[in-house]
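Going by my numbering, the sequence shown opens with residue 23, and the numbers climb by one from there. Working notes, structure below.
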Amino acid sequence: MQKQKNALTTKEYIIPFMLITSLFFLWGFARAILDVLNKHFQDALNIGITQSALIQVTTYMGYFLMAIPAGKFIIKYGYRRGVVFGLTLFALGAFLFYPCTGMEAQTAFYGFVGCLFIIACGLAFLETSANPYSTQLGPAETATSRLNLSQSFNGMGSFLAPLIVGGFLFTESENGKQADISIPYLVMGGIVVVIAIIFSLVKLPNIITNEQEEAANSNNSEGDTSIKKLLKNKMFTLGLISLLAYEVSEISINSYFVNFTTDMGWLQNSTASYILSLGLVVFMLGRFIGSGLMMVMRAERMLWLCATGCVVCLGMLMVTARLDGGENGVLSKLSLAFLIGNYLFESIMFPTIFSLALKGLGEQTKTGSSLLMMTPVGGCGFLLVAWMADKTDPLTPFLIPLIGFAIVWYYAKKLLAKK
Numbered sequence: 023m024q025k026q027k028n029a030l031t032t033k034e035y036i037i038p039f040m041l042i043t044s045l046f047f048l049w050g051f052a053r054a055i056l057d058v059l060n061k062h063f064q065d066a067l068n069i070g071i072t073q074s075a076l077i078q079v080t081t082y083m084g085y086f087l088m089a090i091p092a093g094k095f096i097i098k099y100g101y102r103r104g105v106v107f108g109l110t111l112f113a114l115g116a117f118l119f120y121p122c123t124g125m126e127a128q129t130a131f132y133g134f135v136g137c138l139f140i141i142a143c144g145l146a147f148l149e150t151s152a153n154p155y156s157t158q159l160g161p162a163e164t165a166t167s168r169l170n171l172s173q174s175f176n177g178m179g180s181f182l183a184p185l186i187v188g189g190f191l192f193t194e195s196e197n198g199k200q201a202d203i204s205i206p207y208l209v210m211g212g213i214v215v216v217i218a219i220i221f222s223l224v225k226l227p228n229i230i231t232n233e234q235e236e237a238a239n240s241n242n243s244e245g246d247t248s249i250k251k252l253l254k255n256k257m258f259t260l261g262l263i264s265l266l267a268y269e270v271s272e273i274s275i276n277s278y279f280v281n282f283t284t285d286m287g288w289l290q291n292s293t294a295s296y297i298l299s300l301g302l303v304v305f306m307l308g309r310f311i312g313s314g315l316m317m318v319m320r321a322e323r324m325l326w327l328c329a330t331g332c333v334v335c336l337g338m339l340m341v342t343a344r345l346d347g348g349e350n351g352v353l354s355k356l357s358l359a360f361l362i363g364n365y366l367f368e369s370i371m372f373p374t375i376f377s378l379a380l381k382g383l384g385e386q387t388k389t390g391s392s393l394l395m396m397t398p399v400g401g402c403g404f405l406l407v408a409w410m411a412d413k414t415d416p417l418t419p420f421l422i423p424l425i426g427f428a429i430v431w432y433y434a435k436k437l438l439a440k441k
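This is how it looks when you write it as structure tokens:
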């Protein structure tokens, strides 16, 4: 019995777990493309970082606006239909890239932004479905480790996107050619359609917790699942704030990476895209390692250690890069090493905060998941980072993610004190 409790999942859930985990790869790939689209549009359309940040703002506003409707849809129709509907929106947004390529440059930019908004709405459905569902496909004791393993494949998609799409866009541009941005999205759209068909045919287990059964038999179910009551849970609310802070930090760093390293004179566009992929490989490996470590270490302590690592890495990045002064010497290489090191420490944060915030919510889990899936709106924080980069210098914007990781550190410290 003890062995089964410590297992990552059980035999009956292996296939559903594998199918759900495939979705993590998809949205990791889709979101990571944004990190190279910023620089591509700046060069192709001769626009500044602040204007190109509209890509992040529009995309992550899609999460914010669709998270609650997605949660209500899933509560009513279940995880499988939520996944299929999300995949359908994803495919629609991807295919609409093709007609946008025939428009005049500035019009095409806003057309692409609209497509990304549709894709983001689809991703909100996928993430609202898959994140809590993954935590339930096995013993409760290994829920955090299980979600970290699923999120590892999200990291795999994240590192492949700048490697493949960034390599394609920047190599074409550096060779004097006009890269067709619709090509990677048309390929993605086709893959997503196939996956949607698979999910429409399979039957996923409908998991109901003991708390949900009690709520279904009571007269206060509606009140128990209200957002207002959920936000009165102080640790959940702190977890929500912490996850938002993490999203601001993670998305800002990824989106700013190519601009930062090229503006500092360290790398060329295509090389920066490949180094970003290296950072995301470290990110992916960090999730695999973290998933294993949390089988023997408390998730709360792991989160605290990793938050400490992020604060140290970003602090040292700002110090060493400032001392280097853009001379591209030994200190610049050390600065880049600290930036890559940050990817290792931040890797476990999203799934760990997500599962810890949902812990013990019972019948409020789906509503809590919906609120947590609004946090990618933190990607809009890149607008502030972009503005600071345009108005100050390349290093000052790193104050934003540094503060974000400090908030995560505080949340982890409170969790440890609560035990």
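No residue lacks a Cβ here, since even glycine has one placed at the ideal position from N, Cα and C. Every value quoted in this text rests on a predicted model; they were computed, and no experiment measured them.
Around cysteine 143, the same chain offers Gly84, Met88 and Leu111 as residues with beta carbons nearer than 6 Å, after the five sequence neighbours per side are excluded. Residue burial is scored here from C-beta neighbours: aspartate 412 has fewer than 16 other C-beta atoms within 10 angstroms and is therefore classed as exposed.
Burial check for tyrosine 99: the Cβ neighbour count within 10 Å stays below 16, so the residue is exposed. Going by DSSP, lysine 256 is part of the alpha helix (DSSP H) stretching over 256-285. Nearest C-alpha to threonine 374 among Ala66, Gly403, Gly312 and Ile205: Gly312. As the crow flies, the alpha-carbon of glycine 188 is around 16 Å from that of isoleucine 77. Between phenylalanine 95 and arginine 103, the alpha-carbon positions lie close to 9 Å from each other. Phenylalanine 107 and valine 280 have their alpha carbons spaced roughly 33 Å apart. The beta-carbon distance between phenylalanine 175 and phenylalanine 46, rounded to whole angstroms, is 5 Å. This is short enough to meet the 8 Å contact definition. Collapsing the DSSP output to three states places isoleucine 77 in a helix. About 7 Å separates the beta carbons of leucine 30 and leucine 171, which is inside the 8 Å limit, making them a contact pair. In the same chain as serine 151, and ignoring 5 residues on each side of it, the C-beta atoms closer than 6 Å to its own belong to Ile96, Tyr101, Gly104 and Val105, in chain order. For tryptophan 409, the secondary structure class from DSSP, reduced to helix, strand or coil, is helix. It is roughly 17 Å from the alpha-carbon of isoleucine 273 to the alpha-carbon of leucine 48.
Counting along the chain, glutamate 149 sits inside the alpha helix (DSSP H) bounded by residues 127-158. Remark: C-beta atoms of proline 423 and isoleucine 275 approach each other more closely than 8 Å. With contacts defined by Cβ atoms closer than 8 Å, leucine 315 and methionine 324 form a contacting pair. Straight-line measurement puts the Cα of glycine 390 at about 10 Å from the Cα of threonine 259.
By the Cβ criterion, the segment 380-395 is in contact with the segment 252-271, since at least three pairs of Cβ atoms, one from each stretch, lie closer than 8 Å.
For leucine 56, the enclosing alpha helix (DSSP H) begins and ends at 36-67. DSSP places serine 295 in the helix class (H, G or I) of the three-state scheme.
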